[in-house]
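S.K.:
There are 2 protein chains.
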Amino acid sequence: MTIASGSAEGTVRIAVLASGRGSNFEALCSGDTGRGRVALLITDNPGAQVLKKAERLGVEAVYMTPGRYRTRFGIEEEGEWVSFMRSRGVGLVCLAGLMRILKGPILEEYGGRVMNIHPSLLPSFPGLDAQDQALRYGVKVSGCTVHYADDGVDTGPVIVQRVVPVMDYDDVESLSARILEQEHLAYPEAVRLHCSGRLAVRGRRVETCTGS
Amino acid sequence: MTIASGSAEGTVRIAVLASGRGSNFEALCSGDTGRGRVALLITDNPGAQVLKKAERLGVEAVYMTPGRYRTRFGIEEEGEWVSFMRSRGVGLVCLAGLMRILKGPILEEYGGRVMNIHPSLLPSFPGLDAQDQALRYGVKVSGCTVHYADDGVDTGPVIVQRVVPVMDYDDVESLSARILEQEHLAYPEAVRLHCSGRLAVRGRRVETCTGS
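Chains U and W are the protein sequences, given in the same order. Using our numbering, read the first sequence as starting at -2 and increasing by one per residue. Using our numbering, read the second sequence as starting at -2 and increasing by one per residue.
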């Protein structure tokens, strides 16, 4: 059994890594994250809307180059992201629409303290276009999953899942919107659980320790 | 678009094919199946408890040999099951814990009119030991799926899914029991929808036609 590294005392400083609109960034800033507090936003996209949201919310926000690849980090650049997060005392990394695969340094430094959110009930529909995958499959329920990140694509241990119905009339837009509402509840909940210091990972199962 | 073959008028005679306890058989006999009525039970297991349940419920029940294989039908024997169902005016086939892969004749005769139930939220955890697969993966929600059968394993178009939480303290037994309660609601519901004549299959999506 591994005790997840949420601190049982004091504040856990959170870095959110995002590439786009940043609605989950906003939810993490405004939701009940317990001891967790969003202290930093880093984006790989200098035009990302999330930069403006961070400014408005008074959260330190920076663009950092991810290197020359389109869908993954350069190894050196990822190391620079880690250095910067370390300099800011970051204790938990939340991926929120970062369109880029981690190559090593972030997971090496923050193993067991990197979370991701995905718009399906994993292990169904990992990877890109999860909502479209769900509609094409014809499921009657879908939802979202917050999980610890590992070196696979959407494969890490599950912390929280929330469910939505899929309606006959749904298209990608309407289903995505319904799932997004639940993402905004699920992500703060997962952070709160982690930061309580009470989560334990047994095999792949993430359990909440009870007792004093 | 394919209109599923539920009759809009009159009774739909249902054959349940089962190998074991038959709790879903019982749920289909006692639940609200709309125009559907369980008229026949066939089992490949002469010692199956479901035979006694059928006797108690006054449903015609027979053991028929499935042939010499352990996990699939003999092609000739499966044809005999079809002939027998045809002789009884069966319009819908419900697989309920039949531990055997269909080889052709049943799907050829009853294509689009064969349902199966599976104890997971497909496409997660198809095949054997779905509840154990779910616990090992560490999902926070699971459930059951009623789907039209095709020639894959748990791959056909989804009619109904129902959800249950997975608890930290769950083992296979407790999770299976919680899912089974939902199976007993989901299967009659799927049959009722089918027999209403209002289900349509578009691609893989099963939709309910509205209107007069």
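Using N, Cα and C, we set each Cβ at its ideal position, and we do this for glycine too.
1. Under a three-way DSSP split, which group does U/L48 fall into?
2. If you draw a straight line from the C-alpha of U/V161 to the C-alpha of U/A24, how long is it?
3. For W/V150, which of helix, strand or coil comes out of DSSP?
4. Taking only the alpha-carbon atoms, compute the straight-line gap between W/L118 and W/Q179 and give it to the nearest angstrom.
5. For W/P116 and W/A127, which I take to be in contact (beta-carbon distance under 8 Å), what is that distance rounded to the nearest angstrom?
6. What residues from the segment 158 to 175 of chain W come within 7 Å of chain U, judged by C-beta to C-beta, listed N to C?
7. Comparing the C-beta of U/Y60 with each C-beta of chain W, is any distance below 9 Å?
8. Give a yes or no on whether the C-beta atoms belonging to W/A146 and W/M82 are separated by under 9 Å.
9. So the alpha helix (DSSP H) W/L172 belongs to, where does it begin and stop?
10. Among U/N21, U/G76, U/Y66 and U/G71, which has the Cα closest to the Cα of U/A51?
11. With a cut-off of 9 Å, does the C-beta of U/S27 fall near any C-beta of chain C?
12. So, helix, strand or coil for U/D206, using DSSP?
13. What residues in its chain sit with their C-beta under 7 Å from that of W/V225, if we drop five residues either side in the sequence?
14. Hey, out of U/L182, U/G101, U/G135 and U/K137, whose CA is closest to U/G149's CA?
15. Measuring only between beta-carbons, confirm whether U/K100 sits less than 9 Å from chain W.
16. For W/V188 versus W/C91, is the C-beta distance shorter than 9 Å?
17. Is the separation between the beta-carbon of U/V138 and that of U/E186 shorter than 9 Å?
18. Which residues of chain W have a Cβ atom closer than 8 Å to the Cβ of U/E204, listed in chain order?
19. Around the Cβ of W/C206, are there at least 16 other Cβ atoms within 10 angstroms (buried) or fewer (exposed)?
20. Among residues of its own chain, excluding the 5 on either side of W/E75, which ones have a beta-carbon nearer than 8 Å to its beta-carbon?
21. Which residues, in order along the segment 32 to 46 of chain W, keep a beta-carbon less than 8 Å from a beta-carbon of chain U?
22. Consider the Cβ of U/L177: report whether some Cβ of chain W lies at a distance smaller than 9 Å.
23. How many angstroms separate the CA atom of U/T40 from the CA atom of U/G194?
24. Sort W/R18, W/N42 and W/R110 by Cα distance to W/H191 and report the nearest one.
25. Verify whether the separation of the beta carbon atoms of U/H181 and U/G55 is less than 9 Å.
26. Does any C-beta atom of chain U lie closer than 9 Å to the C-beta of W/D185?
M.R.: Working from what's here:
1. helix
2. 18 Å
3. coil
4. 12 Å
5. 5 Å
6. Q158, V160 and D165
7. no
8. no
9. V169 to C192
10. U/N21
11. Judged by its chain identifiers, the structure shown contains no chain C, and its protein chains are U and W.
12. Note that residue 206 of chain U corresponds to Cys in the displayed sequence, not to Asp. Three-state result, U/C206: coil.
13. Absent from the model: residue 225 of chain W. The displayed extent of chain W is -2 to 209, so no value can be given.
14. U/G101
15. no
16. yes
17. no
18. D165
19. exposed
20. P63, G64, L99, K100, G101, P102 and I103
21. none
22. no
23. 28 Å
24. W/R110
25. no
26. A small fix is needed here, since residue 185 of chain W is Pro in this sequence, not Asp. Cβ-Cβ to chain U under 9 Å: no for W/P185.
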